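Visitor: What follows is a single structure, and I will ask about it in a moment.
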Amino acid sequence: MSSAHDGQLFINGEWRRGGGTAFQSHDSADNRVVWDGRSATTSDVIDAVARARDGQSRWRHLGIDERIGFLRRFCDLVTERKEVLAETISSETGKPLWEARTEVGALVGKLEPSIHAAAARSSTLTFGQPSGAATTTFVPLGVVAVIGPFNFPMHMPNVHIMPALLAGNAVAFKPSDQAPLSAQRYVECWQAAGLPNGVMNLIQGGADVGEALVGNPDVAGVFFTGSRPVGEMLGRQLVNSGKMVALEMGGTSPLVVWDANQARNAVYVAVQSCFVTSGQRCSSARRLIVRNNDFGHAFIEMFVKTASSLRVGRYSDRPEPFMGPLVSSKAVAKVLEWQNALERAGAKVLLRARLLEDGTALISPGIIDITSLANRRHDEVLGPIVTVTMVNTESQAFAEAENTDYGLAAGIVTTDRDVFRRFASKVSAGVVSWNSPLTGNSAWAAFGGIKASGNYRPTGYLSVDYCVRAVGAAESREPTIPTTLPPGFEL
Ligand code: NAD
């Protein structure tokens, strides 16, 4: 699908060229340029927010059913354009096509949960009172800024955008500067769905454009998905701004492997948790905590063997790979440096992560046993590398799971429901999995972290809650005087 325009910014229903810094994105398979443009200038950002404000003043007054109609048309177009969208995601992120298709599917999968959840926030809660009624209504915030990450360049922005639009907000979307074409293709679907002018705006660029956007006084909500350092900085910067701030950040999520009917079932859950998307998911398991018994040793042996045979390659390779390259060579260097640092500290490499081809970001999975290290707490390193800690008791396992600053996802493999229940009640995480990959989350459940992973504003089914603000009211048809006036008050 070639574009019928040569603009890169979408403001007030029109494509225009950016006037800021030039930047490009490249195809992960052959390094050819797939997007070449300029970022938004400060005045583009100001204009986008102003146009969004105009658009929102009309959009909010459409009925919810009319707004749902636009979302349904968008989903039909996404389905029609599925292959082009998937190929775009693959080219910019390196994700294999089979996986990019699941990302496109997730755009459509967000529709029904969003409509279902919006119902509870588009009607008025009314409770009869002696003097009339106590009501709560929900109103849109206004213009919301959506800041996206590189790893799900369509799906992650969409988890904010769909509920925000349904609730009557207008959007100014600043995608990752590592995946500008994915964002453009995504916004083209909204344009083709006939969204009124100003309701959806796309401003491309890096941190400076993001800063100009979130600092704009007419932006009422900031919905950020990205790394901890940027999210924490935004949290500090916006704490007294009066804006609604939803922060979705990273994690060093634990997967406890306690027992299973067969080791291979546990290996399946672990491989999907650690290595899908080459370990570049926010909820990827980065710490395996394994029971130190015969089952645990059999599991480790099979896990290492399976990981070493995972097919790693370009999205254009046939047969298709399980894992694609990382987003950049810089990301590969970070993984390899961390592996070296752990090894120098005394950890035992069970499977060495290796750069597979010079000049690419193709890297093989790594597994490293850190049981002997005194300090097993680490920061998020986005890539196909996982640590292993062997434990003897349940309380050791649970304490190890909690040995992190983050609180996004946590999981356990066990056939004992009571062990799972005890784990779920003790672990500080926003998403808890039982015998399921940490990386497979449903749009029908809340999804969001605590501690360094988020600020108690989960997306998933609950996104709608940060897309509106509640207005409580005491209502009475006419002013009346109570039979008894307060002491000292005569009328
Ligand atoms: P990043 O923090 O580098 O960038 C995210 C976005 O923030 C980009 O659009 C970037 O341009 C923008 N940005 C950077 N500096 C900014 C500033 N000063 N002001 C405003 N915007 C700014 O993250 P990334 O590398 O693109 O994405 C990977 C990270 O995202 C990982 O940490 C991953 O765990 C996390 N993530 C979290 C979730 C979740 O739902 N919790 C989902 C996907 C990814």
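Heads up: the sequence shown at position 244 corresponds to 228 in my numbering, and the numbers run straight through without jumps.
Where a beta carbon is used, it is the ideal one built from N, C-alpha and C, also for glycine.
Quantities reported herein were computed from a predicted structural model and do not represent experimental measurements.
Does the distance from the C-beta atom of Ile351 to that of Leu340 stay below 8 Å?
Guide: Here residue 351 refers to the residue found at position 367 when the sequence shown is read from its first residue. Here residue 340 refers to the residue found at position 356 when the sequence shown is read from its first residue. No, the Cβ-Cβ distance between Ile351 and Leu340 is not below 8 Å.
Visitor: Using CA atoms only, rank isn't needed, just tell me which of Arg265, Ile99, Leu186 and Thr373 is closest to Gly424.
Guide: If you number the sequence shown from 1, residue 424 lands on position 440. Nearest option by C-alpha distance: Arg265.
Visitor: I need the straight-line Cα distance from Ala381 to Arg270, nearest angstrom please.
Guide: As a working note, residue 381 is residue 397 in the sequence shown. As a working note, residue 270 is residue 286 in the sequence shown. Each residue's Cα considered, the two are about 15 Å apart.
Visitor: Any heavy atom of the ligand NAD closer than 7 Å to the CB of Tyr266?
Guide: The residue you call residue 266 lines up with position 282 of the sequence shown. The sequence shown places Cys at residue 266, not Tyr. Checking the Cβ of Cys266 against the ligand NAD gives yes.
Visitor: For Glu386, which residues in the same chain have their Cβ closer than 7 Å to its Cβ, ignoring the five residues on either side in sequence?
Guide: For this step, residue 386 is matched to residue 402 along the sequence shown. Answer for Glu386: Val411 and Ser412, listed in chain order.
Visitor: Which residue wins for smallest C-alpha separation from Asn439, given the options Glu76, Pro133 and Ala230?
Guide: Counting from one through the sequence shown, the residue named residue 439 turns up at place 455. The shortest Cα separation from Asn439 among Glu76, Pro133 and Ala230 belongs to Ala230.
Visitor: Can you tell me which of the three DSSP states Leu272 falls into?
Guide: As a first step, residue 272 must be located in the sequence shown, where it is residue number 288. The answer is strand: DSSP assigns Leu272 an E or B state.
Visitor: So which of Val128, Phe208, Ile273 and Gly3 has the shortest CA-CA distance to Ala151?
Guide: If you number the sequence shown from 1, residue 151 lands on position 167. It is Val128 whose Cα lies nearest to the Cα of Ala151.
Visitor: Mapping DSSP to helix, strand and coil, what is Asp39?
Guide: In the sequence shown, the residue the question calls residue 39 occupies position 55. A small fix is needed here, since residue 39 is Gly in this sequence, not Asp. The answer is helix: DSSP assigns Gly39 an H, G or I state.
Visitor: Step through the CB atoms of chain D and report whether any lies within less than 8 Å of the CB of Gly2.
Guide: Here chain D cannot be found, since the structure has a single protein chain.
Visitor: Going by DSSP, what residue range makes up the beta strand (DSSP E) through Gln8?
Guide: Taking the sequence shown and counting its residues from 1, one reaches residue 8 at position 24. Note, Gln8: beta strand (DSSP E), Ala6 to His10.
Visitor: Compute the distance between the beta-carbons of Gln487 and Gln(-8), then report whether it is under 8 Å.
Guide: Given that the chain is displayed from residue -15 to residue 475, the structure contains no residue 487 and the question cannot be resolved.
Visitor: Counting pairs of Cβ atoms below 8 Å between the region 133 to 150 and the region 190 to 202, do you hit three or more?
Guide: Because the criterion of three Cβ pairs below 8 Å is not met, the region 133 to 150 and the region 190 to 202 do not touch.
Visitor: Whole-angstrom Cβ separation of Asp38 and Gly263, contact assumed at under 8 Å?
Guide: Mapped onto the sequence shown, residue 38 falls at position 54. Mapped onto the sequence shown, residue 263 falls at position 279. The Cβ separation is near 43 Å, so there is no contact.
Visitor: Check whether the Cβ of Val83 sits closer than 7 Å to any heavy atom of the ligand NAD, and report yes or no.
Guide: As a position in the sequence shown, residue 83 is number 99, starting the count at 1. A small correction: the amino acid at residue 83 is Glu; Val does not occupy that position in the sequence shown. Checking the Cβ of Glu83 against the ligand NAD gives no.
Visitor: Buried or exposed for Val82, please, with buried defined as at least 16 other CB atoms from any protein chain shown within 10 angstroms of its CB.
Guide: Start at 1 with the first residue of the sequence shown, and residue 82 comes out as number 98. The sequence given here has Trp at residue 82, not Val. So Trp82 counts as exposed.
Visitor: Using three-state DSSP, classify Pro164 as helix, strand or coil.
Guide: Reading the sequence shown from its first residue, position 180 is the one you call residue 164. It is helical.
Visitor: Verify the contact flag: Ile465, CB atom, against every heavy atom of the ligand NAD, threshold strictly below 7 Å.
Guide: In the sequence shown, residue 465 corresponds to position 481, counting from 1. No.
Visitor: Does the distance between the C-beta of Met138 and the nearest non-hydrogen atom of the ligand NAD fall short of 7 Å?
Guide: Sequence index remark: in the sequence shown, residue 138 carries index 154 (1-based). For the ligand NAD, not one heavy atom lies less than 7 Å from the Cβ of Met138.
Visitor: Look up Gly132 in the DSSP assignment and say whether it is helix, strand or coil.
Guide: Along the sequence shown, one-based indexing puts residue 132 at 148. If DSSP states are grouped into helix, strand and coil, Gly132 belongs with coil.
Visitor: Do you know offhand how far Val206's Cα is from Ser75's?
Guide: Position 222 of the sequence shown, counting from 1, holds the residue named residue 206. Position 91 of the sequence shown, counting from 1, holds the residue named residue 75. If I take the Cα positions, the gap works out to 28 Å.
Visitor: From the DSSP output, in three-state form, read off Ser525 for me.
Guide: Outside the modelled stretch of the chain, which goes from -15 to 475, sits residue 525, for which no answer is possible.
Visitor: Which runs of the alpha helix (DSSP H) fall wholly inside the region 64 to 101 and span at least 4 residues, in chain order?
Guide: Fully enclosed alpha helix (DSSP H) runs of 4 or longer: 66 to 77 and 81 to 93.
Visitor: Which term fits Asp11, buried or exposed, when burial requires 16 or more other beta carbons within 10 angstroms of its beta carbon?
Guide: Residue numbering aside, residue 11 sits at position 27 when the sequence shown is read from its first letter. By the neighbour-count rule (16 or more Cβ atoms within 10 Å), Asp11 is buried.
Visitor: Would Asn185 be called buried (16 or more neighbouring beta carbons within 10 Å of its own) or exposed?
Guide: Translated into the one-based positions of the sequence shown, residue 185 becomes position 201. Looking at its Cβ environment, which holds 16 or more other Cβ atoms inside 10 Å, Asn185 is buried.
Visitor: From Leu149, Val17, Asp28 and Asp192, pick the residue whose C-alpha is nearest to that of Ile52; which is it?
Guide: Position 68 of the sequence shown holds residue 52. Of Leu149, Val17, Asp28 and Asp192, the residue nearest in Cα terms is Leu149.
Visitor: Below 7 Å, is the gap between the Cβ of Ala191 and the nearest heavy atom of the ligand ATP?
Guide: Within the structure as shown, the ligand ATP is missing, the only ligands being the ligand NAD.
Visitor: Suppose contacts are defined by Cβ-Cβ distances below 8 Å. Is Pro141 in contact with Phe122 by that definition?
Guide: On the sequence shown, residue 141 is found 157 positions in, with the first residue counted as 1. On the sequence shown, residue 122 is found 138 positions in, with the first residue counted as 1. No, Cβ-Cβ distance for Pro141 and Phe122 is not below 8 Å.
Visitor: Regarding Gly395 and the ligand NAD, is the C-beta to nearest heavy atom distance less than 7 Å?
Guide: As a working note, residue 395 is residue 411 in the sequence shown. False, no ligand heavy atom lies under 7 Å from that Cβ.
Visitor: Please name the residue or residues paired with Ser417 in a DSSP beta bridge.
Guide: As a first step, residue 417 must be located in the sequence shown, where it is residue number 433. DSSP lists Gly395 as partners of Ser417.
Visitor: Determine, using beta carbons only, whether Gly2 and Ala24 come nearer to each other than 8 Å.
Guide: In the sequence shown, residue 2 corresponds to position 18, counting from 1. In the sequence shown, residue 24 corresponds to position 40, counting from 1. In this structure, Ala24 lies closer than 8 Å to Gly2 by Cβ.
Visitor: Whole alpha helix (DSSP H) runs in the region 151 to 204 with 4 or more residues, listed along the chain?
Guide: Counting only runs of 4 or more, we get 164 to 176 and 191 to 198.
Visitor: Have a look at Val316, Arg65, Phe283 and Pro180 and flag the residue whose alpha-carbon is nearest the alpha-carbon of Phe54.
Guide: To locate residue 54, count along the sequence shown from 1; it is residue 70. When only C-alpha atoms are compared, the closest one is Pro180.
Visitor: For Arg212, is the beta carbon positioned less than 7 Å from some heavy atom of the ligand NAD?
Guide: Taking the first residue of the sequence shown as position 1, residue 212 is located at position 228. Arg212: yes, Cβ under 7 Å from the ligand NAD.
Visitor: The beta strand (DSSP E) spanning Lys332 covers which residue range?
Guide: Residue 332 sits at position 348 when you count from the first residue of the sequence shown. Where Lys332 is concerned, the enclosing beta strand (DSSP E) stretches over Lys332 to Leu335.
Visitor: Return yes when at least one heavy atom of the ligand NAD lies under 7 Å from the C-beta of Pro159, else no.
Guide: Mapped onto the sequence shown, residue 159 falls at position 175. True, at least one ligand heavy atom lies under 7 Å from that Cβ.
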